[in-house]
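For reference, the structure discussed in these notes is given below.
Residue numbers (the numbering used here): 315 to 455.
Next up, the structure:
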């Protein structure tokens, strides 16, 4: 098959009305790992790179999104916690644009009827309009 499991997708395709960071970027807990003596669990690591996994909750700005699609989780595989752009908007949520966004469709059968849902991964994020394209050099000011 020509399409990989996780495929690249433009930020504008996934979030045509914008994406808004809600809360913080947090480590992904590895629930498959053994509990530590204090009851906590270690941070999950990416199966391909071995890097720690981080996640954030994003509000999809699409008015047509259903209530189950409004809050989206985006994960990052990175050695250090990704830092979001500064919120210069009057909103309580930070507008963001994802760089190196990839999507993975899956069947969510946790509701009354199964539906197609999406898992998102990104390399980084920036303020809208300031994201350098993957593989392109960043503009120097």
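All C-beta atoms, glycine included, are put in the ideal place defined by N, C-alpha and C.
>> What ranges does the alpha helix (DSSP H) occupy inside the region 321–394, keeping only unbroken runs of at least 4 residues that lie completely in it?
In response: Whole alpha helix (DSSP H) segments, 4+ residues: 325–328, 381–384.
> Cα separation between residue 418 and residue 327?
Replying inline: Whole-angstrom Cα-Cα distance: 14 Å.
> Any idea what DSSP makes of residue 423, helix, strand or coil?
Replying inline: coil
>> For residue 418, list the residues DSSP reports as bridge partners.
In response: 433
> Do you know whose CA, among 362, 411, 440, lies nearest residue 331's CA?
Replying inline: 411
> What residue does the beta strand (DSSP E) around residue 410 start on, and which one ends it?
Replying inline: 408–413
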